[in-house]
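What follows is a set of notes on a single structure, which appears directly below.
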Amino acid sequence: MADSREHTYTGTRGALTAREWPHPAPRYLAVLVHGYGEHAGRYEHVADLLVRHGAAVYAVDHMGHGKSAGERVLIHDFDEVVTDVHRLEEHARAAHPWVPVVVIGHSMGGLIAARYAQRYGADLAGLVLSGPVIGAWDVIGVLLAMDELPDIPIEPATLSRDPSVGAAYTADPLVWHGPFKRATLEAFARALAQIAEGGSLGSLPTLWIHGEDDQLVPLSGSRGGVEAIKGDDLTERIYPGARHEVFNETNKDEILAGVTAFVDRILA
237 MADSREHTYT GTRGALTARE WPHPAPRYLA VLVHGYGEHA GRYEHVADLL VRHGAAVYAV
297 DHMGHGKSAG ERVLIHDFDE VVTDVHRLEE HARAAHPWVP VVVIGHSMGG LIAARYAQRY
357 GADLAGLVLS GPVIGAWDVI GVLLAMDELP DIPIEPATLS RDPSVGAAYT ADPLVWHGPF
417 KRATLEAFAR ALAQIAEGGS LGSLPTLWIH GEDDQLVPLS GSRGGVEAIK GDDLTERIYP
477 GARHEVFNET NKDEILAGVT AFVDRILA
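Set out below in structure tokens:
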């Protein structure tokens, strides 16, 4: 695995822990944006591949996630998370001026990355959305209608066809295994509406990848969200049989090769 290092910086609501996988002379900078309840450390294998592909890779544990400060999984406003990620990008750009930047967001990170592209897309070379929470996500309305939120953790088997992925997820002490927070669900609802109203991504090259058998963030719900924001350069890759975490799927090598091929095209 590629070497990595951690540092902390001040986010919109407290201290954040960021991770860097350096490259001595990167062709591009990759900013990884993780999903709900998890942390940047779950993307070691993705970062390793991207470093070998020529990237310097950066990621941050969002507020209330992983090693960062804050009440667990509590997010009041996703635009604050976007701002936190942008501060990390500024750090990356300061270390590597004039190097193109690609943002890669998974699940909730796809929501953050989509909003990021609406705010800062003019400075990006490309955008990758993996199983993004965008468009319609019915679970939000169902949960918000309840008087008391159920303490039901994510079913590990829905993550990947590889059972070792679910086992590692369950055993990971930095992963949140408790219930949603109502304020976070309300922030999700506002962010989905904000993205839908935020307009097209214009000429920003965008790759949308999704597992056909994604039961956590169903393909049908995300499709409407992608259609609402897509610009002039959208590549779609739907993987038969794949579940939610496509970067951890049994055919992850094929899927990650698709990501690097997309990056090669936009850099060319």
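Per our numbering, the very first residue in the sequence shown carries number 237; after that it's consecutive.
Positions of the beta carbon are idealized from the N, C-alpha and C atoms, including for glycine.
Can you tell me which of the three DSSP states serine 400 falls into?
-> Serine 400 falls in the helix class under three-state DSSP.
Do you know offhand how far arginine 241's Cα is from histidine 259's?
-> Distance between the alpha carbons of arginine 241 and histidine 259 is about 12 Å.
Let me know the secondary structure DSSP gives tyrosine 405 once reduced to three states.
-> If DSSP states are grouped into helix, strand and coil, tyrosine 405 belongs with the helices.
Nearest-angstrom Cα separation, counted from glycine 377 out to isoleucine 390 | Distance between the alpha carbons of isoleucine 390 and glycine 377: 17 Å.
Thinking isoleucine 388 and proline 409 are a contact (beta carbons under 8 Å), I'd like their distance in whole angstroms, please.
-> That belief does not hold up - the Cβ atoms of isoleucine 388 and proline 409 are roughly 19 Å apart, past 8 Å.
Nearest-angstrom Cα separation, counted from threonine 420 out to histidine 312 | One C-alpha to the other measures close to 6 Å.
Quick one: Cα of glycine 467 to Cα of alanine 331, how far?
-> For glycine 467 and alanine 331, the distance between alpha carbons rounds to 30 Å.
Taking just the CA atoms, how far does alanine 238 sit from alanine 423?
-> When only Cα atoms are considered, alanine 423 and alanine 238 end up about 35 Å apart.
Under the assumption that alanine 350 contacts proline 336 (Cβ atoms under 8 Å), give the Cβ distance between them as a whole number of angstroms.
-> Cβ atoms of alanine 350 and proline 336 stay farther apart than 8 Å, at about 19 Å.
How long is the line joining the alpha carbons of alanine 261 and glycine 290, rounded to whole angstroms?
-> Straight through space, the alpha carbons of glycine 290 and alanine 261 are spaced by roughly 8 Å.
Under 8 Å between the Cβ atoms of leucine 324 and tyrosine 356?
-> Contact: no.
Hey, would you say isoleucine 218 sits closer than 8 Å to serine 458, going by beta carbons?
-> What is shown of the chain runs 237 to 504, which leaves residue 218 out entirely.
Rounded to a whole number of angstroms, what is the C-alpha to C-alpha distance between lysine 417 and tyrosine 272?
-> The alpha-carbon atoms of lysine 417 and tyrosine 272 are separated by roughly 12 Å.
Delimiting residues of the beta strand (DSSP E) encompassing arginine 249 = Here arginine 249 belongs to no beta strand (DSSP E), and DSSP marks it neither H nor E.
Alanine 251 and histidine 243 closer than 8 Å at C-beta | Between alanine 251 and histidine 243, the C-beta spacing is not below 8 Å.
Run the CB neighbour count on glycine 460, radius 10 Å, all protein chains shown included, and call it buried at 16 or more, exposed below.
-> So glycine 460 counts as exposed.
Return the chain-ordered list of same chain residues with a C-beta closer than 8 Å to the C-beta of arginine 288, the five sequence neighbours on each side being excluded.
-> Here arginine 288 has Ala238 as same chain residues with Cβ atoms under 8 Å from its own Cβ, once five neighbours each way along the sequence are excluded.
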